[in-house]
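Residues 601 to 868 in this note's numbering are what the sequence shown lists, from first letter to last.
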Amino acid sequence: MTSHRVVFALIAIFVLVLLTSDPSSSDDSHKVKLSLYYEALCPYCANFIVNSLGKTFDNGLISIINLRLVPWGNAYLKDNKTWVCQHGPDECLLNTVEACAIRVWPDLGAHFSFRFIKCIERLHLENNHSEWKSCFGREGLNSKQLIDCYNTGLGFEVIYLLHFMCFVLMGCKFTVQLERSYAYETASLKPPRRFVPWVIVDNLPLEEDYQNFVAYVCRAYKGPSTPKACGSPSIEVNSSPKANSIGQVCYANVAKNQTSMAAAQGKP
């Protein structure tokens with residue numbers, strides 16, 4: 601008799617879980633993959649993160665998105681030795697900090713790493729990115745793991761620890777393994793990215809139409825429950841996207857920014 605009661609109790613709990621589960625939550629297998637290739641101090645990347653991607657957490661669209669952020673952008677390896685960022689050494693530092701945030705809090709959909717990155721990018725829009733450490737307190741996040749990641753590095757590789765980098769980046773060791781993997785991924789994009797922000801939705805580069813990413817996400821989603829954010833009559837793919845983002849991107853320097861696959865892999 602006792603065993604029957606246990607079975608009935610388990611069945612009741614199972615049914616209760618089914619009935620109380622959020623019907624709007626999406627099966628991960630149906631989620632649309634959205635990848636953002638960016639750099640920390642490009643103002644258009646910052647604006648996109650703060651004012652566009654940020655809204656997906658407010659309107660529920662994030663429930664159908666598998667979000668990936670890749671903080672490398674238009675950085676390049678000079679002579680396969682020196683790591684140079686488009687907006688200077690501060691950008692190299694913050695690219696690495698944001699890479700560490702993604703590593704420490706890997707589930708961007710859970711909001712922790714995104715909140716932190718969004719905070720840094722908002723500070724940049726306010727011309728105050730040097731105060732990035734204040735984002736720990738602002739977002740109620742523990743700084744230890746991220747600072748450890750930044751200071752000690754992961755899989756530290758001597759080839760990237762040059763005097764230039766140590767001097768310019770205030771003598772700190774940093775996570776070259778993470779940034780090298782992002783360099784390789786960015787260099788291997790097909791077609792090659794021409795600027796940042798470079799947004800890809802389910803393997804489709806949006807190019808100049810990146811600001812219209814919601815329409816592409818909604819069109820690509822094949823899951824059972826569509827978020828209300830996809831129901832707006834203004835949600836449609838632009839047939840003439842190239843005029844949308846003129847001047848709203850940080851262009852890559854073709855002569856310098858095409859980090860080679862060999863360089864990104866650390867090969868001689």
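Yeah, the Cβ is synthetic: ideal placement off N, Cα and C, and Gly gets one too.
Treat the numbers as computed from the prediction; the structure is a model and nothing was measured.
Going by beta-carbon coordinates alone, are residue i and residue j separated by less than 8 angstroms?
{"i": "S635", "j": "I747", "result": "no"}
{"i": "E731", "j": "L723", "result": "yes"}
{"i": "C685", "j": "E639", "result": "yes"}
{"i": "Y644", "j": "W672", "result": "no"}
{"i": "V849", "j": "V814", "result": "no"}
{"i": "E779", "j": "V670", "result": "no"}
{"i": "H711", "j": "F657", "result": "yes"}
{"i": "W739", "j": "C719", "result": "Reading the sequence as shown, one finds Glu at residue 739 and not Trp. Closer than 8 angstroms, so yes."}
{"i": "R703", "j": "C735", "result": "no"}
{"i": "V650", "j": "L725", "result": "yes"}
{"i": "Y851", "j": "R793", "result": "no"}
{"i": "L641", "j": "L694", "result": "yes"}
{"i": "D802", "j": "K655", "result": "no"}
Please classify residue i: is it buried, with 16 or more other beta-carbons within 10 angstroms of its beta-carbon, or exposed?
{"i": "K828", "result": "exposed"}
{"i": "H687", "result": "buried"}
{"i": "S713", "result": "buried"}
{"i": "N727", "result": "exposed"}
{"i": "T752", "result": "exposed"}
{"i": "R729", "result": "This sequence places His at residue 729; Arg is not what is there. Counting Cβ neighbours within 10 Å, H729 comes out buried, since at least 16 surround it."}
{"i": "N674", "result": "buried"}
{"i": "Y676", "result": "buried"}
{"i": "Y821", "result": "buried"}
{"i": "N853", "result": "exposed"}
{"i": "K744", "result": "exposed"}
{"i": "K678", "result": "exposed"}
{"i": "K790", "result": "exposed"}
{"i": "N812", "result": "buried"}
{"i": "K631", "result": "buried"}
Once DSSP output is grouped into helix, strand and coil, what is the label at residue i?
{"i": "N803", "result": "coil"}
{"i": "R794", "result": "coil"}
{"i": "Y821", "result": "coil"}
{"i": "E633", "result": "It is Lys, not Glu, that sits at residue 633 in the sequence shown. In this structure, K633 counts as strand in the three-state DSSP scheme."}
{"i": "C645", "result": "helix"}
{"i": "N742", "result": "coil"}
{"i": "L789", "result": "coil"}
{"i": "N666", "result": "strand"}
{"i": "L661", "result": "helix"}
{"i": "Q848", "result": "coil"}
{"i": "N853", "result": "coil"}
Are the C-beta of residue i and some C-beta of chain C separated by less than 8 angstroms?
{"i": "D679", "result": "Of the protein chains in the structure, only one exists, and it is not chain C."}
Pairs of beta-carbons, one from the region 681-699 and one from the region 802-817, closer than 8 angstroms: are there three or more? no
Extract the residue ranges of the alpha helix (DSSP H) inside the region 670-735, only unbroken runs of 4 or more that lie entirely within it. 689-704 and 712-725
Is the region 812-827 touching the region 649-664, taking contact as three or more C-beta pairs under 8 angstroms? yes
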